[in-house]
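Chains A and B are the protein sequences, given in the same order.
If you read the first sequence in the working numbering, its first letter stands for residue 56, the second for the next number, and so on.
If you read the second sequence in the working numbering, its first letter stands for residue 384, the second for the next number, and so on.
Reviewing the structure listed below.
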Amino acid sequence: DAMVIQNPRYQVTQFGKPVTLSCSQTLNHNVMYWYQQKSSQAPKLLFHYYDKDFNNEADTPDNFQSRRPNTSFCFLDIRSPGLGDAAMYLCATSSPGTYNEQFFGPGTRLTVL
Amino acid sequence: AQKITQTQPGMFVQEKEAVTLDCTYDTSDQSYGLFWYKQPSSGEMIFLIYQGSYDEQNATEGRYSLNFQKARKSANLVISASQLGDSAMYFCAMRASNTGNQFYFGTGTSLTVIP
């Protein structure tokens, strides 16, 4: 089945220790998104790619970086995680076009000690 | 600017009853899509139903239907015959032609189905 895969599902890191979250897709979608979601809140868009074209949200901290080496894979790098970065990180994909929905991965729950 | 408003932080419904979750939106675009997602406690966002701005009929998908009132800018989700497994967070989202690939989410409604 075509899908969005995120690894790992749970990640524990130490304060200030860099961490990388990964996302892959078999849907061949042009657009990939990274969201941060804290408890009982709406997902907050960090950035998205349209193919190789990177779109950063204005309020995304510099601590968050992303790479998309090819259509299938996208990575979220947190250079120096703080306690406030503990959250669920959701990857999603979509085809371009107003009427196309997003497909989400299962998420990675990040804990910062 | 695009905006989605969900005014019900929490809702309760008796099993087998119908429930309506409210969503209003604000956009100056004429072409847009409205989406509902379910998020169980496991965290995964599950797509439920979609309505396009030019669709004349309300969308339906199994037990889910979307009450689309364009003049009022509302897109309420109706869940019929509620089941215990419907207990989850529900998010309304919008994608508009002038903002390309970006989705705008509401703050969500937590639904609890009571046996």
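Even glycine gets a Cβ: it sits at the ideal position worked out from N, Cα and C.
Every value quoted in this text rests on a predicted model; they were computed, and no experiment measured them.
- Taken in chain order, the members of the segment 470-483 of chain B whose beta-carbon sits within less than 7 Å of a beta-carbon on chain A are 474, 478, 479 and 480.
- The C-alpha of residue 64 of chain A lies about 19 Å from the C-alpha of residue 97 of chain A.
- Considering only beta carbons, the part of the segment 398-418 of chain B lying closer than 8 Å to chain A consists of 414, 415, 416 and 418, in chain order.
- Straight-line spacing of the CA atoms in residue 73 of chain A and residue 136 of chain A works out to 7 Å.
- Within chain B, the residues 483 and 484 have their CB atoms less than 8 Å from the CB of residue 151 of chain A, given in chain order.
- Taking a contact to require three or more Cβ pairs closer than 8 Å, the segment 98-110 of chain A and the segment 473-485 of chain B qualify as touching.
- The segment 465-478 of chain B and the segment 405-423 of chain B touch, with three or more beta-carbon pairs separated by less than 8 Å.
- For residue 72 of chain A, there is no enclosing beta strand (DSSP E), as DSSP gives it neither H nor E.
- Taking 8 Å as the cut-off, the Cβ atoms of residue 464 of chain B and residue 446 of chain B count as close.
- Cα atoms of residue 437 of chain B and residue 414 of chain B: separation of roughly 7 Å, rounded to the nearest angstrom.
- Flagged as an interface residue toward chain A: residue 430 of chain B, by a C-beta distance shorter than 8 Å.
- Not one beta carbon of chain B lies nearer than 8 Å to the beta carbon of residue 67 of chain A.
- In this structure, DSSP gives residue 480 of chain B a helical state, which the three-state scheme calls helix.
- Listed in chain order, the non-local C-beta contacts of residue 393 of chain B below 6 Å within the same chain comprise 493, local neighbours out to five positions each way being set aside.
- Straight-line measurement puts the Cα of residue 141 of chain A at about 20 Å from the Cα of residue 129 of chain A.
- By the rule that beta-carbons nearer than 8 Å mark a contact, residue 145 of chain A touches chain B.
- When DSSP reads this structure, residue 444 of chain B sits in a beta bridge with B:447.
- Interface flag for residue 490 of chain B against chain A is set, since a Cβ pair is found closer than 8 Å.
- With contacts defined by Cβ atoms closer than 8 Å, residue 67 of chain A and residue 168 of chain A form a contacting pair.
- Linking residue 462 of chain B to residue 69 of chain A through their CA atoms gives a straight-line distance of about 43 Å.
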